[in-house]
Amino acid sequence: MRLKDTNLTKQDIKDKVNKYMIETYERFDFLAETAKDMYIYDENQTPYLDFYAGIAVNNAGNCNEKVVEAIKEQASDIIHTFNYPYTIPQALLAEKVCTEIGMDKIFFQNSGTEANEAMIKMARKYGIEKFGPNHYHIVTAKMGFHGRTFGAMSATGQPGNGCQVGFGPMTYGFSYAPYNDLQAFKDACTENTVAIMVEPVQGEGGVHPATKEFLVGLREFCDENDMLLLIDEVQTGWGRTGKLMSYMNYGIKPDIVSMAKGLGGGMPIGAICATAEVAKAFTAGSHGTTFGGHPVSCAAAYAEVNEIIDRKLPENAKVVGDYFAEQLETLPYVKEVRHQGLLVGVEFEDSISGVDVKHGCLDRKLLITAIGAHIIRMIPPLIVSKEDCDKAVAILKDTLESLS
Ligand SMILES: Cc1ncc(COP(=O)(O)O)c(C=O)c1O
Numbered sequence: 064m065r066l067k068d069t070n071l072t073k074q075d076i077k078d079k080v081n082k083y084m085i086e087t088y089e090r091f092d093f094l095a096e097t098a099k100d101m102y103i104y105d106e107n108q109t110p111y112l113d114f115y116a117g118i119a120v121n122n123a124g125n126c127n128e129k130v131v132e133a134i135k136e137q138a139s140d141i142i143h144t145f146n147y148p149y150t151i152p153q154a155l156l157a158e159k160v161c162t163e164i165g166m167d168k169i170f171f172q173n174s175g176t177e178a179n180e181a182m183i184k185m186a187r188k189y190g191i192e193k194f195g196p197n198h199y200h201i202v203t204a205k206m207g208f209h210g211r212t213f214g215a216m217s218a219t220g221q222p223g224n225g226c227q228v229g230f231g232p233m234t235y236g237f238s239y240a241p242y243n244d245l246q247a248f249k250d251a252c253t254e255n256t257v258a259i260m261v262e263p264v265q266g267e268g269g270v271h272p273a274t275k276e277f278l279v280g281l282r283e284f285c286d287e288n289d290m291l292l293l294i295d296e297v298q299t300g301w302g303r304t305g306k307l308m309s310y311m312n313y314g315i316k317p318d319i320v321s322m323a324k325g326l327g328g329g330m331p332i333g334a335i336c337a338t339a340e341v342a343k344a345f346t347a348g349s350h351g352t353t354f355g356g357h358p359v360s361c362a363a364a365y366a367e368v369n370e371i372i373d374r375k376l377p378e379n380a381k382v383v384g385d386y387f388a389e390q391l392e393t394l395p396y397v398k399e400v401r402h403q404g405l406l407v408g409v410e411f412e413d414s415i416s417g418v419d420v421k422h423g424c425l426d427r428k429l430l431i432t433a434i435g436a437h438i439i440r441m442i443p444p445l446i447v448s449k450e451d452c453d454k455a456v457a458i459l460k461d462t463l464e465s466l467s
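In this note's numbering, the protein residues as written are 64 to 467.
Structure (structure tokens):
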């Protein structure tokens with residue numbers, strides 16, 4: 064929809080949102096009307112350079128042509144049927160995802176938090192059926208983030224964080240250990256621990272990649288103790304970190320992996336993939352969803368995944384991500400640049416507020432996000448070029464100089 068076709072002003076739109084919507088977001092003062100590749104355009108067709116990609120979603124670029132075409136075609140054939148009949152997009156996507164990332168089975172969901180719910184449920188059911196009724200304990204990381212539904216929220220090791228406060232008790236059955244501390248994870252496990260669940264890069268927690276020693280060590284520890292390794296690739300998945308899945312950077316495989324964001328080319332979709340043995344925990348009626356595996360989302364995801372692979376976007380994420388990180392190191396007030404591929408965080412000295420940097424960049428038509436008091440995160444579409452990064456660095460420099 065375009066503003067010019069509505070007889071409304073931008074202020075009218077803002078007023079309607081304020082009056083009718085339950086607002087939990089700190090909005091950009093920006094009306095996103097159209098988008099293409101690396102840019103989002105406002106109602107005056109002013110381009111904004113997109114370094115957040117709808118929060119790590121539009122990996123093959125905004126409104127990727129093949130994804131748009133797949134959505135249009137599928138929507139005109141069949142939009143929704145539920146999971147009783149077979150549908151072609153589901154079958155093609157299931158095969159593509161499983162074969163490309165080396166997993167046996169997939170279950171489709173609608174979002175990241177839902178994928179994590181499915182991952183937690185599958186692990187618990189596997190543990191209880193194999194070892195007994197108390198065998199459902201899961202160890203996750205402090206400062207991790209897994210979503211905003213009760214299971215995923217309870218797996219999120221951030222007591223006191225706004226996403227947990229005020230909602231009463233979290234779900235029982237989780238313990239938390241400091242990220243990248245292998246011994247602490249081992250110590251947190253009990254005789255009833257069924258799984259360890261981590262992000263390979265803590266995204267919302269400040270962009271902290273797992274060390275090789277940590278992730279490989281967790282894999283070995285789980286193997287030695289008949290426990291499952293659950294990897295949350297909701298933010299890292301589908302090329303962002305230089306490989307299709309971040310765990311591929313470490314030469315390991317999880318027992319269950321969750322994914323969402325970058326899978327769907329902008330359409331809502333989530334999924335878990337599991338080994339054949341663990342997947343057996345889900346049987347007829349034990350889990351389900353009305354919209355999961357939606358034909359239009361699956362058609363879009365199938366086009367997106369093909370684009371990511373055919374255009375070698377993980378390789379671009381690695382090369383351009385390394386270049387971008389090097390350039391960011393040259394900025395003033397930088398304490399640390401952390402990244403894996405194009406999941407990039409910059410931590411500034413305490414005098415610099417991440418939110419101020421974000422707003423300064425918005426004024427200069429660069430879209431980024433702030434996480435934590437002094438950290439900005441940049442997660443552009445994986446089609447981003449070194450020249451785009453140079454533009455972003457120049458805007459950041461100008462912004463930081465104006466803040467000082
Ligand atoms: C690692 C991780 N897991 C889960 C989620 C939740 O995903 P969604 O917002 O699609 O529910 C997020 C969202 O930021 C995430 O970064």
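Heads up, the beta-carbon is just placed ideally off N, CA and C, and yes, glycines get one too.
Cβ shell of L66 (< 8 Å), same chain only, five flanking positions each side left out: Residue numbering aside, residue 66 sits at position 3 when the sequence shown is read from its first letter. Result list for L66: T72, K73, I76, L94, E96 and E106, in chain order.
Which residue or residues does DSSP assign as beta-bridge partners of G220? Against the sequence shown, residue 220 aligns to sequence position 157. G220 pairs with K205.
Which parts of the stretch 317 to 401 are runs of the alpha helix (DSSP H), unbroken and 4 residues or longer, counting only runs that do not cross its ends? 339 to 342, 358 to 373 and 376 to 391
Assigned exposure category for A240 - 16 Cβ within 10 Å defines buried: Working through the sequence shown from its first residue, we reach residue 240 at position 177. With 16 or more other Cβ atoms within 10 Å, it is buried.
Once the 5 residues before and after A178 are set aside, which same chain residues still bring their CB inside 7 Å of it? What you label residue 178 is simply residue 115 of the sequence shown in a count that begins at 1. Cβ within range, chain order: Q172, V297, S321, M322, A323, G333, A334 and I335.
Let me know the beta strand (DSSP E) ranges lying completely inside the stretch 417 to 461, each 3 residues or longer, listed in chain order. 432 to 434 and 438 to 441
For A119, which of I85, G302 and I372 has the nearest alpha-carbon? Stepping through the sequence shown from its first residue, residue 119 is reached at position 56. Taking only the C-alpha atoms, the option nearest A119 is G302.
Just how far apart, CA to CA, sit I294 and K449? Taking the first residue of the sequence shown as 1, we reach residue 294 at position 231. Taking the first residue of the sequence shown as 1, we reach residue 449 at position 386. The alpha-carbon atoms of I294 and K449 are separated by roughly 30 Å.
So the candidates are I164, Y83, H198 and H422; which of them puts its Cα closest to the Cα of I259? Residue 259 sits at position 196 when you count from the first residue of the sequence shown. Residue H198 is the option with its Cα nearest to I259.
Enclosing alpha helix (DSSP H) for T162 [first to last residue]: Within the sequence shown, the letter at position 99 stands for residue 162. Here the alpha helix (DSSP H) through T162 covers I151 to I164.
Quick check: the Cα distance between D286 and D318, rounded to an integer number of angstroms? Translated into the one-based positions of the sequence shown, residue 286 becomes position 223. Translated into the one-based positions of the sequence shown, residue 318 becomes position 255. Going from the Cα of D286 to the Cα of D318 covers about 10 Å.
What would DSSP say about E96, mapped onto helix, strand or coil? Residue 96 sits at position 33 when you count from the first residue of the sequence shown. Correct three-state label for E96: coil.
Reduced DSSP category for M101 - H, G, I as helix; E, B as strand; rest coil: Counting from 1 along the sequence shown, the entry for residue 101 is found at position 38. M101 falls in the coil class under three-state DSSP.
If you follow the alpha helix (DSSP H) that Y83 is in, where does it begin and where does it stop? Counting from one through the sequence shown, the residue named residue 83 turns up at place 20. Start and end: K73 to Y83.
In whole angstroms, what is the alpha-carbon distance linking L156 and C361? Your numbering for residue 156 matches position 93 in the sequence shown. Your numbering for residue 361 matches position 298 in the sequence shown. If I take the Cα positions, the gap works out to 6 Å.
H271 beta carbon near ligand 1 (any heavy atom closer than 8 Å): Taking the sequence shown and counting its residues from 1, one reaches residue 271 at position 208. No, the beta carbon of H271 sits no closer than 8 Å to any heavy atom of ligand 1.
By Cβ distance below 8 Å, which residues in the same chain neighbour V264 in space, the five residues on each side in sequence not counted? Working through the sequence shown from its first residue, we reach residue 264 at position 201. Around V264: V270, H271, P272, A273, Q298, T299, T304, S309, Q403 and L406.
Cβ contact check for the stretch 448 to 465 and the stretch 384 to 391: 3 or more pairs under 8 Å: yes
Using DSSP with H/G/I as helix, E/B as strand and the rest coil, what is V261? Position 198 of the sequence shown holds residue 261. Residue state, collapsed to three classes: strand.
Going by C-alpha to C-alpha distance, which of I85, V341 and L463 sits closest to Y189? Taking the first residue of the sequence shown as position 1, residue 189 is located at position 126. Selected option, being the one with the closest Cα: V341.
Take S174 and list the residues in its own chain whose beta-carbon comes closer than 7 Å to its own, dropping the five residues that flank it on each side. Numbered from its first residue, the sequence shown carries residue 174 at position 111. Hits under 7 Å: A323, P331 and G333.
List the whole-angstrom C-beta distance separating N122 from L430, where the pair is believed to meet the contact cut-off of C-beta under 8 Å. The sequence position of residue 122 within the sequence shown is 59, counting from 1. The sequence position of residue 430 within the sequence shown is 367, counting from 1. Actually they do not touch by this definition, with Cβ atoms about 16 Å apart.
Using the Cα positions of V257 and E276, report the straight-line distance between them to the nearest angstrom. Along the sequence shown, one-based indexing puts residue 257 at 194. Along the sequence shown, one-based indexing puts residue 276 at 213. Taking the straight line joining both Cα atoms gives about 21 Å.
Buried versus exposed, by CB contacts within 10 Å (16 or more), R90: Along the sequence shown, one-based indexing puts residue 90 at 27. Answer is exposed; the Cβ neighbour count stays below 16.
Neighbourhood of A204 by C-beta distance below 6 Å, restricted to the same chain and skipping five residues each side: Locating residue 204 in the sequence shown gives position 141, where the first residue counts as 1. So the qualifying residues of the chain are G220, Y242 and V261.
Report the rounded CA-to-CA distance for I438 versus D140, giving the unit in angstroms. As a first step, residue 438 is located in the sequence shown; it is residue number 375 there, counting from the start. As a first step, residue 140 is located in the sequence shown; it is residue number 77 there, counting from the start. Roughly 45 Å separates the two Cα atoms.
Rounded separation between M311 and N70 - CA only: As a working mapping, residue 311 is identified with position 248 in the sequence shown. As a working mapping, residue 70 is identified with position 7 in the sequence shown. Cα to Cα, M311 sits roughly 51 Å from N70.
Tell me whether T87 counts as near ligand 1, meaning its Cβ is closer than 8 Å to at least one heavy atom of that ligand. Counting from one through the sequence shown, the residue named residue 87 turns up at place 24. It does not: the Cβ of T87 is nowhere closer than 8 Å to a heavy atom of ligand 1.
Assign V228 to one of three DSSP states: helix, strand, or coil. Mapped onto the sequence shown, residue 228 falls at position 165. If DSSP states are grouped into helix, strand and coil, V228 belongs with coil.
Can V420 and F411 be called in contact, C-beta distance under 9 Å? What you label residue 420 is simply residue 357 of the sequence shown in a count that begins at 1. What you label residue 411 is simply residue 348 of the sequence shown in a count that begins at 1. The answer is yes: Cβ separation under 9 Å.
Residues that DSSP places opposite K168 in a beta bridge: As a working mapping, residue 168 is identified with position 105 in the sequence shown. Looking at the DSSP assignment, K168 forms a beta bridge with A337.
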